[in-house]
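Reviewing the structure listed below.
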Amino acid sequence: MHILLLTDNFVPETNSPALRAYEHARQWVEAGHRVTVVTSIPNFPLGRPLPPYRNQLYQRELIEGINVVRVWTLMAPNRGVFWRSLDFLSFAVTGFCAGLFQRADVILASSPQLLTGLGGRWVAALKRRPWIFEVRDLWPDSIVSVGAMKDNLLIRGLRSMEQRLYRNATKVVAVSTGIRDRLQARGVPAAKLEVVPNGVDLCSLDTATDVEALRDALSLRDKFVVGYVGTHGMAQGLEVAVDAARLLKDSGIHFLFVGEGARRDAVIAYAEKLHLNNVQFIGLVSRAAAADHLALCDAVLIPLRRTDQIHITIPAKMFEAAAMGKPMIVSAVGASAELVQSYGAGIVVEPERPDVLATAISKLRSATEMQASFRRGALRMARDYDRRKFAGDMLRIMAHVVQRPRS
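Going by the numbering used here, the first residue of the sequence shown is number -9, and it counts up by one from there.
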């Protein structure tokens, strides 16, 4: 089977969409299938090409047997609306054009961003092939829920397009049961819906760095380190974590933030305003370096703002923390809270409550037996969410739609 995957993000980018696409594609190649990925030049989240790439019109490379086709886009940083919208639209157009010239038995288009689905639909229509719409987040609802845009005419137009994509797709694959249930409530037939969760490649997070040496380099020896490794965006509300750090500033508890995103500068400015000496920020790093920083943490913070999407959101960073056996402090309600509780992998606290968060962190620090129990629960969770299994599930879905008679 020849699989054509359209995704706006792919390695060496290190965000969740890029890693899911790469790890699935690698498993499909190992299973004996041909995989072509049409994607943009790596630029997330800064909006400029990651070295050594250049924003060329078209370029090819081979990554572990995956045929990767990269296309030009109007790059923009992961903040603001206007330029990011043009960035998304440009990939829909150039990705569609590149996709037309690739062989495929099935097309898989991954959203967000939503316009990738539009490109996938166009390619499938002209090639007369089945296509699968992978929904990792509900756009445009999540854009409105975090306050990035108001519910205006443009949003209503995107919702209309979203519904048409669901109707047109051969299958719609959600990454959580919560997303599946919302899609079904909107009229997507149950028979069209599948769930393939996020997970983690258990072999991908090996750390080569001496963790104690890294702790020394960051002046963190003898500190209890609470880490956040991921996108510093509007959905996380990291200012709440900074407020918790203020409440714990003389306790020997240190907060380490690793990553980039739309809210990073604002969060740093807020921490500087409070004159905190127990908060440290490290910018965008490679995946290997991210794993090294995750390894030095005593606990990992999984925060979410209280939005309309919080009940159905399961941040992919949870699974990487689980694979390293890290106790999690989940500041959320809904699916992510229920998941960590079901495995006994961490503490769940009410979102947007820095006082409650600070109390939970302090409690965890002093409870070594609790930490050990959470580490065991996290590792059980990681084993059950092995990405290799889910890549196989997606492969079976694609094989099914390819074998179905075409109408």
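Note that the Cβ used here is the ideal one computed from N, Cα and C, for glycine as well.
Exposure label - residue i; buried when at least 16 CB within 10 Å
i, result
"R126", "buried"
"R146", "exposed"
"R386", "exposed"
"K140", "exposed"
"R111", "buried"
"P305", "buried"
"L9", "buried"
"H265", "exposed"
"S100", "buried"
"E310", "buried"
"L148", "buried"
"T106", "buried"
"E20", "exposed"
"V163", "buried"
"N142", "exposed"
"Y48", "exposed"
"T358", "exposed"
"S209", "exposed"
"F91", "exposed"
"Q393", "exposed"
"E250", "buried"
"P102", "buried"
"L238", "buried"
"S166", "buried"
"D345", "exposed"
"L52", "exposed"
"S321", "buried"
"P293", "buried"
CA nearest to the CA of residue i, picked from the options
i, options, result
"K213", "R386, V28, R16 and V269", "V269"
"A82", "A94, V96, G70 and W62", "W62"
"S80", "A281, L90 and T29", "T29"
"R236", "Y218, N267 and R211", "N267"
"D376", "G189, H(-8) and T297", "G189"
"A159", "V96, L294, E359 and I272", "V96"
"L204", "A285, T221 and A389", "A285"
"N45", "P32, R74 and S101", "P32"
"W129", "N57, A115 and F78", "F78"
"P35", "I351, E3 and G55", "E3"
"F123", "Q393, R394 and M384", "M384"
"N256", "E229, D233, A234 and D282", "In the sequence on display, residue 256 carries Ala and not Asn. Here the closest residue by C-alpha is E229."
"D404", "R16, G324, A325 and A281", "Shown here, the chain extends from -9 to 397; a query on residue 404 therefore has no answer."
"R74", "V113, T26, E342 and R38", "R38"
"G109", "A207, D(-2), C193 and S6", "D(-2)"
"K263", "G242, I292, V275 and D233", "D233"
"L116", "Q103, R93 and L104", "R93"
"F380", "A11, L(-5) and I(-7)", "A11"
"A278", "L(-6), L(-4), V1 and F271", "V1"
"R16", "C193, L347, L173 and T84", "C193"
"G273", "A252, I292, L291 and D288", "A252"
"M388", "W121, I319, R295 and L64", "W121"
"P72", "D191, E13, E54 and L144", "In the sequence as presented, Pro is not what sits at residue 72; that position holds Phe. For F72, the nearest C-alpha among the options comes from L144."
"R24", "P395, A335 and G55", "G55"
"G242", "S326, V215, T303 and G168", "V215"
Residue i, enclosing beta strand (DSSP E) - first and last residue
i, result
"A99", "V96 to S101"
"Y436", "Since the first residue of the chain shown is -9 and the last is 397, residue 436 is not available in this structure."
"H244", "I243 to V248"
"L128", "Neither: L128 is in no beta strand (DSSP E) and is coded neither H nor E."
"L(-5)", "H(-8) to L(-4)"
"V401", "Beyond the ends of the chain as shown, which are -9 and 397, falls residue 401; an answer cannot be given."
"G220", "Element bounds for G220: n/a, residue is neither H nor E."
Extent of the continuous alpha helix (DSSP H) to which residue i belongs
i, result
"V269", "Note, V269: premise wrong, no alpha helix (DSSP H); beta strand (DSSP E) at V269 to I272."
"I133", "D131 to S135"
"L183", "Unbroken run through L183 is the beta strand (DSSP E), L183 to V185; no alpha helix (DSSP H)."
"V190", "It is not in any alpha helix (DSSP H) - V190 carries neither H nor E in the DSSP assignment."
"V1", "Unbroken run through V1: none, as it is neither H nor E."
"L204", "V201 to A207"
Chain C contact for residue i (CB, 9 Å cutoff)
i, result
"L329", "In the structure shown, chain C does not exist; there is a single protein chain."
The ligand NAD heavy atom lying under 8 Å from the CB of residue i
i, result
"G110", "Among the components modelled here there is no ligand, and therefore nothing to report on the ligand NAD."
The stretch 246 to 258 in contact with the stretch 310 to 324 per 3-pair CB rule at 8 Å: Contact between the stretch 246 to 258 and the stretch 310 to 324 is not established, with fewer than three Cβ pairs separated by less than 8 Å.
Three CB pairs or more closer than 8 Å across the stretch 327 to 334 and the stretch 360 to 380: At 8 Å Cβ cutoff, the stretches touch.
Given 8 Å, three or more beta-carbon pairs between the stretch 177 to 193 and the stretch 146 to 164: Between the stretch 177 to 193 and the stretch 146 to 164 there are three or more C-beta pairs closer than 8 Å, enough to call the two in contact.
Residue ranges of each alpha helix (DSSP H) within the stretch 312 to 385, 4 or longer: Correct list: 325 to 333, 344 to 356 and 358 to 374.
Cβ contact (3+ pairs, closer than 8 Å) linking the stretch 216 to 226 and the stretch 126 to 140: Enough Cβ pairs lie closer than 8 Å, so yes.
Inside the stretch 18 to 104 only - beta strand (DSSP E) runs reaching at least 3 residues: With a minimum length of 3 residues, the continuous beta strand (DSSP E) runs that stay inside the stretch 18 to 104 are 24 to 30, 48 to 53, 56 to 61 and 96 to 101.
Beta strand (DSSP E) runs wholly inside the stretch 151 to 177, at least 3 long, in chain order: Within the stretch 151 to 177, the complete beta strand (DSSP E) runs of at least 3 residues fall at 161 to 164.
In chain order, each alpha helix (DSSP H) run of at least 4 residues that lies wholly inside the stretch 271 to 315: Taken in chain order, the unbroken stretches of alpha helix (DSSP H) that lie wholly in the stretch 271 to 315 and span 4 residues or more are 277 to 285 and 307 to 313.
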